[in-house]
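The UniProt record's numbering puts the sequence shown at residues 1 to 285.
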Amino acid sequence: MYFKIERGLFKYEFADHYAVLGVPLEANPDQIRERYKYVARQLHPDSCKAASAKEREFATQLFSKLVSPAYAHLSREQQRTEYKLVFKQIGRNIAQGSVKDLATGEFAQKLQQQTNVNQLDLVYRDCWQKLAAQQYKIVSQSLDIIASLSELNLVYMVTKEVQTSPPAIKMPESTSNQATGGLVEQYLRRANDHIASKNFARAILELRDAINLEPNNSTCNSLLAKAYLQQNQGTMANMYITKALNLNPQDPIALDLKKILDKSKNPAKAEKRGFLDGIFRANQK
1 MYFKIERGLF
11 KYEFADHYAV
21 LGVPLEANPD
31 QIRERYKYVA
41 RQLHPDSCKA
51 ASAKEREFAT
61 QLFSKLVSPA
71 YAHLSREQQR
81 TEYKLVFKQI
91 GRNIAQGSVK
101 DLATGEFAQK
111 LQQQTNVNQL
121 DLVYRDCWQK
131 LAAQQYKIVS
141 QSLDIIASLS
151 ELNLVYMVTK
161 EVQTSPPAIK
171 MPESTSNQAT
181 GGLVEQYLRR
191 ANDHIASKNF
201 ARAILELRDA
211 INLEPNNSTC
221 NSLLAKAYLQ
231 QNQGTMANMY
241 ITKALNLNPQ
251 DPIALDLKKI
261 LDKSKNPAKA
271 EKRGFLDGIF
281 RANQK
């Protein structure tokens, strides 16, 4: 059984484990464990109280394919820490674009309308509690509530990023453009050197700094996607590929990387060699 969720962070091809478990983003290990035990009692075949055999089977699939993997990810400290870093980075990237149409759910829209940053956490927690309380009581509604929780998480991250980011210091336009352009070229040159020497972690740092200066530079975004892909971080790579192509639909690096990712998603049509093997051959001139 395949579960398709197309709202919240899921629409960016990112599995929102917090939404699946129904825990807030600041949940500690004890809260995560207790929530997992509660959800397990709702869904496990030995204790599920669903009325029909079909519903019980659906609950079993929810538990094995969504809930258990989510808990496995969030219950391990190192994985949870890395996951939260990616989570926050996605929020930052989305905050750089349009934030008007992030959500369709009632609770997420309520949070998005919150203009008082001091009340943001309170409204988020109140909305989360109301959704989580109903999440697995009726299993036929569980996927929709997971989507609503993920929308809530997405809006919370992006709104907090927008409201708490310091305003940019405005320089005279000509001076600013010249200075920024020169710095970005330096970052790109160093990043390309690091990629050539397979030091992808350093390349990522250089390219993040470049994007902070020029978030709408397609080359910076496509090169960052390339570095992430070489580190097997497909979710981050896909996000920057999408952004690069939105900025420049003809970006050659992003187009080549998209082909490689598309092949990896259709293994029957892909060549037998690993999809990462072709990255440099596809992009080297």
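All C-beta atoms, glycine included, are put in the ideal place defined by N, C-alpha and C.
DSSP state of residue i mapped onto helix, strand, coil
i: Ile138; result: coil
i: Val23; result: coil
i: Asp209; result: helix
i: Lys198; result: coil
i: Asn116; result: coil
i: Gln186; result: helix
i: Pro215; result: coil
i: Pro130; result: Note on identity: in this sequence residue 130 is Lys, with Pro being the wrong assignment. Three-state DSSP puts Lys130 in a helix.
i: Asn28; result: coil
i: Lys259; result: helix
i: Phe10; result: helix
i: Lys4; result: coil
Backbone CA spacing between residue i and residue j [nearest angstrom]
i: Val162; j: Met236; result: 20 Å
i: Asn153; j: Gln134; result: 17 Å
i: Phe200; j: Leu229; result: 9 Å
i: Asn118; j: Thr159; result: 12 Å
i: Lys130; j: Tyr187; result: 46 Å
i: Ala15; j: Asn212; result: 26 Å
i: Val20; j: Glu6; result: 13 Å
i: Gln112; j: Ser150; result: 13 Å
Element boundaries [alpha helix (DSSP H), containing residue i]
i: Leu224; result: 218 to 230
i: Arg244; result: It should be noted that the sequence gives Ala, not Arg, for residue 244. That run of the alpha helix (DSSP H) goes 234 to 247.
Requested in this report: Go through the region 40 to 104 residue by residue and report every complete run of the alpha helix (DSSP H) that reaches 4 residues or more, in order.
Outcome: 53 to 62, 68 to 74, 77 to 95
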